Amino acid sequence: MTLAQALSRRKFLIGSVAVLGGVAFGSYSLLRGPKEHPLGSDAPDDAMVFNPWVVIDARTVTLIAPHADFGQGVTTMQTALIAEELDLEPGQFEISFGGPSAAYANTALADLAIPFATSDRSALADGLRAATDASVAFLGVQITGGSTSAPDSFEKLRMAGAMAREALLSAAAQKTGLPRESLRSHAGAVHLPDGTGLPYTTLATLAAGQPPAASIALRPAESWRLLGKPLRNVHDTAIVTGALRYCIDLEAEGLAHATLLLNPRKSGPALSYDAARALSMRGAERIVEIADGLAIVADNTWRAFQAADAIDVDWPPSAHLAEQADHWAALEAALPQTGGGTVWRDDGDAAQSFAEAPQADRIEASYRVPYVAHQPLEPLSVMIKASADRLDIWAAHQLPGILRRRVAWRSGLSMAQIQFHQQIAGGSFGHRFEFTAIDGAVDLAMQMPGRPLKVTLRREVDFAQDHPRPIGMARAQGVVREGRVEACQMVAAGPSLVGSTVSRLGLPYPLSDSQLAIGLFDQPYALSDFRVAAHQVDGLAPVGFWRSIGGSGNTFFLESFLDEMIHAAGADPMAERLRLLTDPLARKVLEAAAEMANWGRKMGPGQGQGVAFSLVYGVPVAEVVEVTETDQGIRIDHVHVACDAGPVLDPVNFTKQVEGGVLWGLGHAINCKITYAQGQAEQANYYDHPGLRLGQSPRIDLRILQNAPVLRGIGEPPVPPAAPALANAIFAATGQRLREMPFADHIDFA
Amino acid sequence: MKLTVNGTEHEVDVEAEMPLLWVLRDELGILGPKYGCGVAQCGACTVHLAGEAVRACQVTAADAEGLAILTIEGLGQGDALHAVQKAWLLHQVSQCGYCQAGQIMQTAAFLEGRKASNAGLPTDPEIDEALSGNLCRCGTYPRIRAAVHTAARAVLAPLSAPAEEPRE
Ligand code: FES
Ligand code: FES
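So the protein lines, in turn, are chains A and B.
Numbered according to my numbering, the first sequence spans residues 1 to 750.
Numbered according to my numbering, the second sequence spans residues 1001 to 1168.
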């Protein structure tokens, strides 16, 4: 059986290869090369690629954490998974983000396939997984390397660690002549019966020759040393001392500082521009044309910004609808009534139920969510250097595999000539999925060969280039009778998120985009009459993956309308949701949140509780928000969260992800929107789009249930319920129903 | 122009109006202060100027000349971390970490200021007010608040502060 055949029969295949001075352990994956792809490829069809996870040489043990860390703690998690089985203690290993490095030169690892990040912010992978259907197999290729779900990665990394451990034990047995069973691995060394410790590094070359262990049982959770307990983030000390280097901090000999002036309407290169004044400014070195604008090179980032400001540019009109009012009108037009669209769920006959219901039992409402930007705190930045026969590019990017192909295509070089160096990022939330800064940097570098260049986007440019969370609108009709919610039909309209995203990769997407209806049709509510449809509206602004993607708008629609129906029925929002929820894991999180919040307790004047539930990425989450109406406006006092993402590997990091997700959901719901005028975003910096600040940040309590059998990522699931739970709490406190984000357009916040 | 950063004097040849942030980052290679917004909206660039927390993107090189500039690199390193840095580690505050140098510098100046004026332990609203200009997109606020309380006890009431265990 060939390796490829073996692979296709197994979930994954772990192996080892000899590298310079040592050994690498990792997994194989099958790379199906695209036949004819616009981006081109050097990859042979059905090539095997080896993804190393552990590299041991005479100097050190290096754990590879190729899933880029955007602040979700994934580096810590990846290394802990390996270290658990490899019997390494924190601090006993170095961390590499993978990617081609000198150590791998001239070895089997020269062309690494770096897997797609799967663990916490797996929305991107999931969204793209939806895109891998049929016509866009190319994306599938890039992502199947690592778009394995969290549990798969969970096994793979531990298996690599276990395999390395077994090989080291065998190597030690060979070296000492002692029986294999008498040896023990512990804290980075193989220990002999007499207590002597042989550090792994002394066994590296010998380990490379060991035949792979036939079968290895992973250690059960009960015997874990590291996993399941609070882990210390590997970057913590570097962060608090200012030593952690992000992409924006990279330095190189002879480095020039550059910035990009990009078409804020995203409609191609400048029609004309005048750079004479800019070029005469102190420190300005060069101004070059790039695909969607200009690159300004100077000897200091600020001088590059100043020079960019001094350029007069005439941009072409936007290719999408220019004015925000027209975006809303396009959505309105797509929703003439609740019929039509792609039907995603059709239980019973909701339309008939509504038509037959007496007026008094009918509820109707419509909802809107605006475009919202990502804007992680580190702006987009790239370091790049073109040489005679290679192009080195340093960036934090969510799709390193596609990045290399795209850079190769753009630069005219071959894949083998593109060296990508993954960096740590100051946040992403889906933003570093885009190629805005990368494309510009490549165009620039090819015009300045030999020169290392660091490109930093000015915040205002980053805002203008953001591909926001999609705008959306929904109409809903419901029937309530005798204190119960009886029927619901909801129809949503918005742009195709996946279609928009893959179109920027030069690919068609002829399918119905499930993101338009995710969070609606797939929720485990057992309503006898329940219909969900969605209309795709084209010609709107280009949009992108945003933390929790489709769920962020749709959960607001469904959980708000459900709340309206429940109140109209005179029922209790918690009890009625529990009546409608059939899924036992979902019921448990809702019951837990109710208990934490002491749901239904007597609240003070101007106070209210609101609840919302969602099940996205397989993780049920219930949130109860408590608010008080004060003289300054609404104050969010407390959020109670219960969720079930299966076994939790690091409770501290898990809790931080939940806290961050809840605050992300609340902050954007309160005060963020992107609107377009003359084809460009009207919001330029954080004063226009602030998100939450410390003073608005509520107390958050979390109960982690672990009833689900499968481990899941927690980066996205806490986001969707936050906004509707807040709106529902505000209704309970004030009687005012919020049907449109951002809420601050309709009510004051303290 | 002469700038004194973390106790070391540097000669720099820059425009008087160049923001201190870019003098530190691109001229001196002091990279702890971060660029987030450039317009006093995020606080990622926060440093101390003569003991006061300032936005380095707003202070010009000329403004900073002759005054003591302290960046996160000079606040505490290795075994000699500042109480605020220790509290940040204890509470495992950071997510991406990009805002945290600014958060820490803001907090350190806030607590040192209270110490100088014998102001006592801060309340939540006082903490919220002091850090209102420091944005965290990752949402580390609950831990920031807890860490400020811990640091406040260490800085302002060191004798009464019991040793703390990390929270989980
Ligand atoms: S960069 Fe100075 S406040 Fe944002
Ligand atoms: S930790 Fe990421 S911005 Fe604060």
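Built from N, CA and C at the ideal position, the CB exists for glycine as well.
No experiment lies behind these values; they were computed from the predicted model shown.
Q: Give the DSSP bridge partners of residue 740 (chain A), in chain order.
A: The bridge partners DSSP lists for residue 740 (chain A) are A:368.
Q. In terms of DSSP beta bridges, what is residue 453 (chain A) paired with?
A. In the DSSP assignment, residue 453 (chain A) forms a beta bridge with A:256, A:384.
Q. Should residue 359 (chain A) be listed as close to ligand 1, given that the test is whether its C-beta is under 7 Å from any heavy atom?
A. No, the beta carbon of residue 359 (chain A) sits no closer than 7 Å to any heavy atom of ligand 1.
(Q) Give me, in chain order, the residues of the same chain whose beta-carbon lies closer than 7 Å to that of residue 550 (chain A); leave out the 5 immediate sequence neighbours on both sides. (A) Same-chain partners within the cutoff: 497, 515, 516, 518, 519.
Q: Look up residue 519 (chain A) in the DSSP assignment and say whether it is helix, strand or coil.
A: Residue 519 (chain A): coil per DSSP, three-state reduction.
(Q) Cβ closer than 8 Å: which chain A residues qualify as neighbours of residue 1019 (chain B)? (A) Result: 302.
Q: Measure the Cβ-Cβ separation of residue 257 (chain A) and residue 301 (chain A) and say whether it is below 8 Å.
A: Contact: yes.
Q) Any heavy atom of ligand 1 within a distance shorter than 7 Å of the CB on residue 246 (chain A)? A) No, the Cβ of residue 246 (chain A) stays beyond 7 Å of every heavy atom of ligand 1.
Q: Report whether the distance from the Cβ of residue 1040 (chain B) to the nearest heavy atom of ligand 1 is below 7 Å.
A: It does: the Cβ of residue 1040 (chain B) is within 7 Å (strictly closer) of some heavy atom of ligand 1.
Q. What does residue 1003 (chain B) reach in chain A if we use C-beta pairs closer than 9 Å?
A. Contact note: residue 1003 (chain B) does not reach chain A at a C-beta cutoff of 9 Å; the least C-beta distance is about 15 Å.
Q. Is residue 117 (chain A) close to chain B, meaning its C-beta is less than 8 Å from at least one C-beta of that chain?
A. Caution is warranted here: a pLDDT of 25 is assigned to residue 117 (chain A), below 50, making its placement in the model unreliable, and the coordinate value is therefore given only provisionally. By the rule that beta-carbons nearer than 8 Å mark a contact, residue 117 (chain A) does not touch chain B.
Q.
When you measure from the CB of residue 1035 (chain B) to every non-hydrogen atom of ligand 1, does any distance come out below 7 Å?
A. Because some heavy atom of ligand 1 lies under 7 Å away, the Cβ of residue 1035 (chain B) counts as near it: yes.
Q) How many angstroms separate the CA atom of residue 293 (chain A) from the CA atom of residue 415 (chain A)? A) C-alpha separation (whole angstroms): 26 Å.
Q) By a C-beta neighbour count over all protein chains shown, 10 Å radius and 16 as the cutoff for buried, is residue 282 (chain A) buried or exposed? A) With fewer than 16 neighbouring CB atoms inside 10 Å of its own CB, residue 282 (chain A) falls in the exposed class.
Q.
Quick check: the Cα distance between residue 942 (chain B) and residue 1008 (chain B), rounded to an integer number of angstroms?
A. Here chain B covers residues 1001 to 1168 and nothing more, so residue 942 (chain B) does not appear.
Q: Could you tell me whether any non-hydrogen atom of ligand 1 is closer than 7 Å to the CB of residue 1057 (chain B)?
A: Result yes, Cβ under 7 Å from ligand 1.
Q: Assess, as a yes-or-no matter, whether the stretch 1149 to 1157 of chain B is touched by the stretch 1077 to 1092 of chain B under the definition of 3 or more beta carbon pairs within less than 8 Å.
A: By the criterion of at least three beta-carbon pairs nearer than 8 Å, the stretch 1077 to 1092 of chain B is in contact with the stretch 1149 to 1157 of chain B.
Q. Does DSSP classify residue 116 (chain A) as helix, strand or coil?
A. Residue placement at residue 116 (chain A) cannot be trusted, given a pLDDT of 27 that sits under 50; the coordinates are not used to answer.
Q.
With a threshold of 8 Å between beta carbons, is residue 1104 (chain B) in contact with chain A?
A. At least one chain A Cβ lies under 8 Å of residue 1104 (chain B).
Q.
Within 10 Å of its beta-carbon, does residue 736 (chain A) have 16 or more other beta-carbons around it, so buried, or fewer, so exposed?
A. Burial is judged here by how many other beta carbons sit within 10 angstroms of a residue's own beta carbon; residue 736 (chain A) has fewer than 16 and is exposed.
Q) What residues in the stretch 241 to 271 of chain A have a beta carbon less than 8 Å from any beta carbon of chain B? A) The stretch 241 to 271 of chain A vs chain B, Cβ under 8 Å: 241, 242, 243, 244, 245, 246, 248, 249, 251, 257.
Q.
My parser needs the beta strand (DSSP E) runs of 3 or more residues fully inside the stretch 1009 to 1074 of chain B; what are they?
A. Those beta strand (DSSP E) runs which fall completely within the stretch 1009 to 1074 of chain B and span 3+ residues are 1046 to 1049, 1052 to 1055, 1068 to 1070.
Q) Do residue 1095 (chain B) and ligand 2 come close, with the Cβ less than 7 Å from some heavy atom? A) Residue 1095 (chain B) Cβ: within cutoff of ligand 2.
Q.
So the candidates are A:380, A:421, A:530; which of them puts its Cα closest to the Cα of residue 348 (chain A)?
A. Answer by Cα proximity: A:530.
Q: Check whether the Cβ of residue 1043 (chain B) lies closer than 7 Å to any heavy atom of ligand 1, and answer yes or no.
A: In terms of side-chain proximity, the C-beta atom of residue 1043 (chain B) is found nearer than 7 Å to a non-hydrogen atom of ligand 1.
(Q) Would you say the beta carbon of residue 377 (chain A) is closer than 7 Å to some non-hydrogen atom of ligand 2? (A) Within the cutoff, so yes.
Q | Where the beta strand (DSSP E) through residue 629 (chain A) begins and ends | A | Taken as a continuous stretch (DSSP letters only), the beta strand (DSSP E) holding residue 629 (chain A) covers 619 to 630.
Q. Applying a beta-carbon distance threshold of less than 8 Å, which residues of chain A neighbour residue 1114 (chain B)?
A. Under the 8 Å cutoff, chain A gives no residues; its nearest Cβ is about 17 Å from residue 1114 (chain B).
Q.
Taking 7 Å as the cut-off, is the C-beta of residue 1137 (chain B) nearer than that to any heavy atom in ligand 2?
A. Yes, since a heavy atom of ligand 2 falls inside the 7 Å radius drawn around the Cβ of residue 1137 (chain B).
(Q) Taking the straight line between their C-alpha atoms, what separation do you get for residue 717 (chain A) and residue 307 (chain A)? (A) Each residue's alpha carbon lies about 43 Å from the other.
**Q.** Cα-Cα separation, residue 413 (chain A) to residue 289 (chain A)
**A.** The alpha-carbon atoms of residue 413 (chain A) and residue 289 (chain A) are separated by roughly 20 Å.
Q. So residue 1059 (chain B) and residue 1020 (chain B) are in contact, right, with Cβ under 8 Å, and what is the actual spacing, rounded?
A. The beta-carbon distance between residue 1059 (chain B) and residue 1020 (chain B), rounded to whole angstroms, is 5 Å. This is short enough to meet the 8 Å contact definition.
Q: Round the Cβ separation of residue 493 (chain A) and residue 726 (chain A) to the nearest angstrom and send it over; I've been treating them as touching at under 8 Å.
A: Taking a contact as a CB-CB distance under 8 Å, the pair residue 493 (chain A) and residue 726 (chain A) does not count as one, their CB atoms being some 24 Å apart.
Q | CB-CB length for residue 586 (chain A) against residue 623 (chain A), believed under 8 Å | A | With a Cβ gap of about 13 Å, residue 586 (chain A) and residue 623 (chain A) do not count as contacting.
Q) Alpha carbon to alpha carbon, what distance is there between residue 71 (chain A) and residue 1104 (chain B)? A) Computed Cα separation, rounded: 17 Å.
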